[in-house]
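Before any comments, here is the structure.
There are 2 protein chains.
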Amino acid sequence: MSKILRVNMNDMDYKWEEVPKKYSTYAGRAMTTAIVHDEVEATCDPLRENNKVVVSPGLLAGTPAPSSGRISFGGKSPLTGTIKEANAGGLSGTRLGNLGIRAIVIEGMPETKKDWYSLYVSKDDVELLKTNDYAGIGLYDLIGRVWKKYDTRPGIVGCGVAGQRKNKSAGIFGNNIENTDPGRYAGRGGLGAVLGSKRLVAIISDDKGADRPKPKDKDLFDEGRKKLAEALDEHPVTGKLEDDDGNPYGGLKNYGTNVLMNILNEAGGLPSRGFSSGRFNGASKISGEAVHELVDKTKKKFGDKAEGMYGHPCHPGCIMACSNVVPYEKTGKAHVSPLEYESAWSLGTNLVIDNLEHVAELNRLCNDLGLDTIEAGNTIAMFMESGQIDYGDGEAAIKLLKEAYKEDSVVGKLISSGAKIAGETFGVTRIPVVKGQSLPAYDPRPIRGIGVTYATSTMGADHTSGYTIAAEILGIKGDVSDPREMKKAELSRNFQATTAYIDSSGYCLFIAFAILDIDKGFEGMTQTVNGFLGDEVDVTKYGLKVLEMERDFNRNAGFTKEDDRLPEFFRTEPLPPHDVTFDVPDDELDAVYKDM
Amino acid sequence: MSKILRVNMNDMDYKWEEVPKKYSTYAGRAMTTAIVHDEVEATCDPLRENNKVVVSPGLLAGTPAPSSGRISFGGKSPLTGTIKEANAGGLSGTRLGNLGIRAIVIEGMPETKKDWYSLYVSKDDVELLKTNDYAGIGLYDLIGRVWKKYDTRPGIVGCGVAGQRKNKSAGIFGNNIENTDPGRYAGRGGLGAVLGSKRLVAIISDDKGADRPKPKDKDLFDEGRKKLAEALDEHPVTGKLEDDDGNPYGGLKNYGTNVLMNILNEAGGLPSRGFSSGRFNGASKISGEAVHELVDKTKKKFGDKAEGMYGHPCHPGCIMACSNVVPYEKTGKAHVSPLEYESAWSLGTNLVIDNLEHVAELNRLCNDLGLDTIEAGNTIAMFMESGQIDYGDGEAAIKLLKEAYKEDSVVGKLISSGAKIAGETFGVTRIPVVKGQSLPAYDPRPIRGIGVTYATSTMGADHTSGYTIAAEILGIKGDVSDPREMKKAELSRNFQATTAYIDSSGYCLFIAFAILDIDKGFEGMTQTVNGFLGDEVDVTKYGLKVLEMERDFNRNAGFTKEDDRLPEFFRTEPLPPHDVTFDVPDDELDAVYKDM
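These protein sequences, in sequence, are chains A and B. Sequential numbering of the first sequence, starting at 1, is according to my numbering. Sequential numbering of the second sequence, starting at 597, is according to my numbering.
Spelled out as structure tokens, the structure:
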């Protein structure tokens, strides 16, 4: 039976609650959004006691549905001031799903700001532990300590030093399946800082002895998950691709998300040098293909001792398995896992850094500090844009980022505070942010639909909130490549609604490729959800309901259509090589949510 | 005949325009607001080329009306994102008034960001001069150079290194009457950064050979100015006070605006230690009385060589003459002029610094750098609040502020970027800002009317936009001391409307004391304005029209009632010694502008 765990950090207490009837179909993003919408005053200071952090495993987390173990975190974002949901893979979704926990609501904060705490949840136990030894240290170290203490490989989520210091770029980390790397990030929107403001370093979930959650209609559920698994295997993006000789090519499994680097570069939509070019000469050197090659090379050289890897899952039961482990070339040992496209872009391409080891190191530092890689990369770009360090200087970027470890470093705090604050501090007028959150790895000038999503997303610039790239660049659901012919508002809205549903289900967003292109994939997805609930849920209606709550929160927080805009320079500075500006009219942006 | 000078920094050109009929009664704030409202896109990036800087001397600037030589600057504020008007004394209001210039509109920006320019305006000449030698230097130096070049004591306004670097706390400086000090500041809202973004360091106005502007109805005008002068002389705040033995006491003339320090401290509404106390033990040591005493002491010791001073005017023809010159105790030489109450508060009381020389030095540094003292003090407080330096450590604060001279200092840039950015960088949750602009020297918890003004002002937290202190603390216009009995919304609205009129007239806001308490003062004010225009203007209607344009701009920029709020901590943290919170309900805040 699912339930809600409510933890009060004022008096260090907790209680169990039934899931209210109105939330009966909610989990993941729908659940975090509903609770934040209903319980958090929209105008509250995100880093004071009236904000909450809601943790909710996706609806199907723990079930055998393929790739369904994602976990969502919600609250009012200190970066954007909007409502925020960020999700990730890792172990905690599955662990909490198995424990029958639909949501953990973290409220209040201790009156004295002295000690640091961890929340431990198992089948028979809930404990708030004073864990000062988990604070002020790197996250690789933290996870190692927790896994040493508990031999059951518990799920761990929490915040690093960036969050503990309430820096706005602080993400919520999660642990990998196989190792003690903090490689799973609900990175965006600064929710790590909200956890830090509540003095909570880690939430440890141990599902030993717990049963998997049971679908109400097992037959429908099982039929659905088989269909979806087939579709995922068949689709060129998510399936395993081999040529006639059995050699792998293309796709997420072989090259990870970073398969996009060369594709976007080719398309001229790969932002480089702080969004001043759409192409980067060094892109291929830090692409998924380059990582693949490096992994193969080190495997050949170091054999069993080689730790580099591609094609492994980010959470139990993921059959897309798009994660990589980037090895050190010299030793074959693991350097960072994973290196995603967005991170390779933000910490590489965007900074004109084409040295894969430098990029991996920047990513490892972010993971260790508890920083969102997208925000951190864009922030370093502001230091480069203002001439503090040079574009392309990987070593200088690493040195700069290491400042963030130092408690007293003003530079370290600034580098952890996001592109908006850093850019404004430096008087930069090309700050790529919407609602305070910096843009990811697709330039909105040549790829207008994603620009519409950036502008109108309920959470600031965010590709995952309505990934029109699938249609605009990857040709999913037919060819929509002529931007003049498209209704970008409708495209973005549909993606945003479907995404809100997927983010609630526990499914990884990457199933979108297969469900949009292959009918049985879509059927499979809905059958698993409906089978699990024993209820029928309409994908679009469900997604729109989530978006409606989010828009309502934002409206109450003071957001208007004037906030649904891209920064001025996207409209005035043409992007090479295609020399286009972002020319979607404001009224088309406003059409995305015209009725809510 | 009044006219408008339009300067285009794109092509380094200018043209003269007639004042459009719809602006015929506008000058000062009304003029800057009207032009910004009509010509600047509300959603533009304040530091890019679509913003404008409008300079407009008050309507009566140059005339013999008493204390009427103020000058206004307008634009979209990079600090707040709202429309902004800031005004100051100095020489330029009078010079431009005598030249018959109703407004200068600075548009565009040079394409190459290499050179720095100055605008020179005289009776027969307009020149855009390449003046790279005026950039990157302190403002004392800059004014000295200009006055050396032009022997006519021209008015100078412009931006210092803070503005040249587009820092958000950069004010627009003006020069003093008597010396080459940059003591006259249109400090707030970061308009210095907008000038800097346009690569304009200085606007030099030379009225040699020009005639004073002529009132259309000279008799009415002369009758008015006499009445007003009498009222100003008679009023206890603005007049010259002597006891029976001829010794001065009280009032602006003797103690300057800093006469308020002890009064606010007594009332328990003097914010100290970053708005955590309403009282400061060291207040009297940095009060107007303390400056007065120091001046007397150095006069006695150094005789004619003593440069300390009180009771001198900030612009030609001001009979209130509330300015001081703070001398060095050891040499009697001028240290800073003037030291206003708000500056002594922000750089002293708020930082728990009670050493007058340290406070004067902090103020001198702000003046030299081109920083708003209120914003700079509140920003230093954020460094103290987060433990970077200690409260009370004047030497550390001076050292910190000096970082702002260094082109490459990240700390220097942060200290020049305002309390919001610095506080957010440090994870501070007691950041005293409204719409991004930090609060001045009156705590809104015990003094609720000024809190209503802070919250609802069209320009972020600003005491001068509706100085209810006159009624709440100084007992002007009767006793309104019981806050429970007052309609704070109405009080604030009336003050805001009257202020908008005064800010347009060229009069110093301090005439408010006399015009509110003494009927002939009010009559005199309106008679001078009406006599000058040869037209009848209603004070409240005129003021409300200005506010209406400002509100309209802000609405178009995306501001809503949710922005008309004080930070959360004012509602939740009681202020000693009275232990009160800010408890004005939101709907009372919204009532201030319910119809616009």
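Backbone N, C-alpha and C define an ideal beta-carbon position, used for all residues, glycine too. Since this is a predicted model, take the numbers as computed values, not measurements.
According to DSSP, simplified to helix, strand and coil, what is ARG6 of chain A? strand
What are the start and end residues of the beta strand (DSSP E) that includes ASN324 of chain A? 323-327
Examine chain A for any beta-carbon lying closer than 8 Å to the beta-carbon of ILE976 of chain B, and answer yes or no. no
Within the 8 Å Cβ cut-off, does PHE553 of chain A reach chain B? no
For LYS84 of chain A, count neighbouring C-beta atoms within 10 Å of its own C-beta (all shown protein chains included) and say buried if the count is 16 or more, exposed if not. buried
Report yes or no: is there a C-beta of chain A within less than 8 Å of the C-beta of PHE1022 of chain B? yes
ASP641 of chain B: contacting residues in chain A (beta-carbon distance under 8 Å): THR429, PRO567, GLU568 and PHE569
Closest residue to GLY1071 of chain B among B:LYS1031, B:LEU1112 and B:ALA1093 (Cα-Cα distance): B:LEU1112
Using a Cβ-Cβ cut-off of less than 8 Å, give me the residues of the region 988-1010 of chain B that come near chain A, in sequence order. ASP1004, VAL1006, VAL1007, LYS1009 and LEU1010
Taking CB distances under 8 Å as the criterion, tell me whether THR560 of chain A reaches chain B. yes
Apart from the five residues just before and just after ASN132 of chain A, which ones in its own chain have a Cβ nearer than 8 Å to its Cβ? ASP115 and TRP116
Which of the residues in the region 1032-1062 of chain B, read from start to end, lie with their CB under 9 Å from any CB of chain A? none
Expected contact under 8 Å - CB spacing of ALA684 of chain B and GLY770 of chain B to nearest Å: 5 Å
Minimum Cβ-Cβ distance from ASN167 of chain A to chain B less than 8 Å: yes
Contacting positions in the region 45-76 of chain A - beta carbon closer than 8 Å to chain B: ASP45, LEU47, ARG48 and ASN50
Following a CB-centred definition, is VAL632 of chain B positioned closer than 7 Å to any heavy atom of the ligand NAD? Of ligands this structure carries none, so the ligand NAD is not represented either.
So that I know if they touch, is there some Cβ in chain B lying closer than 8 Å to that of ALA470 of chain A? no
I need the boundaries of the beta strand (DSSP E) containing GLU830 of chain B, first residue and last residue. GLU830 of chain B -> not in any beta strand (DSSP E); alpha helix (DSSP H) instead, spanning 814-830.
Compare the beta carbon distance of TYR310 of chain A and VAL291 of chain A with 8 Å and say whether it is the shorter of the two. yes
Interface flag, ALA827 of chain B vs chain A, CB-CB below 8 Å: no
What three-state label does DSSP hand THR581 of chain A in the structure shown? coil
On the three-state DSSP scale, how would you describe ASN728 of chain B? helix
Endpoints, alpha helix (DSSP H) assigned at GLY1118 of chain B: The question names Gly, but residue 1118 of chain B in the sequence shown is Phe. That run of the alpha helix (DSSP H) goes 1115-1129.
Closest Cβ-Cβ distance between ILE768 of chain B and chain A: below 8 Å? no
Exposed unless 16 or more other CB atoms sit within 10 angstroms - verdict on ARG571 of chain A: exposed
Assess, as a yes-or-no matter, whether the region 785-805 of chain B is touched by the region 985-994 of chain B under the definition of 3 or more beta carbon pairs within less than 8 Å. no
Beta-carbon within less than 7 Å of VAL1135 of chain B's beta-carbon, same chain only, minus the 5 sequence neighbours each way: which residues are those? THR1094, TYR1097 and THR1122
Assuming ASN854 of chain B contacts SER873 of chain B under a Cβ cut-off of 8 Å, what Cβ separation, rounded to an integer in Å, is found between them? The Cβ separation is near 19 Å, so there is no contact.
When you compare only the Cα positions, how much space is there between GLU49 of chain A and SER438 of chain A? 26 Å
Is ASP968 of chain B close to chain A, meaning its C-beta is less than 8 Å from at least one C-beta of that chain? no
Going by DSSP in three states, LYS420 of chain A sits in which element: helix, strand or coil? helix
DSSP three-state label for ILE949 of chain B, please. coil
Starting from the Cα of GLY689 of chain B, find the closest Cα among B:LYS822, B:GLY665, B:GLU703 and B:CYS1104 and give me that residue. B:GLY665
Could you check which residue in B:CYS918, B:ALA902, B:LYS901 and B:GLU903 has the C-alpha nearest to that of PRO909 of chain B? B:CYS918
The beta strand (DSSP E) with SER72 of chain A in it runs from where to where? 71-76
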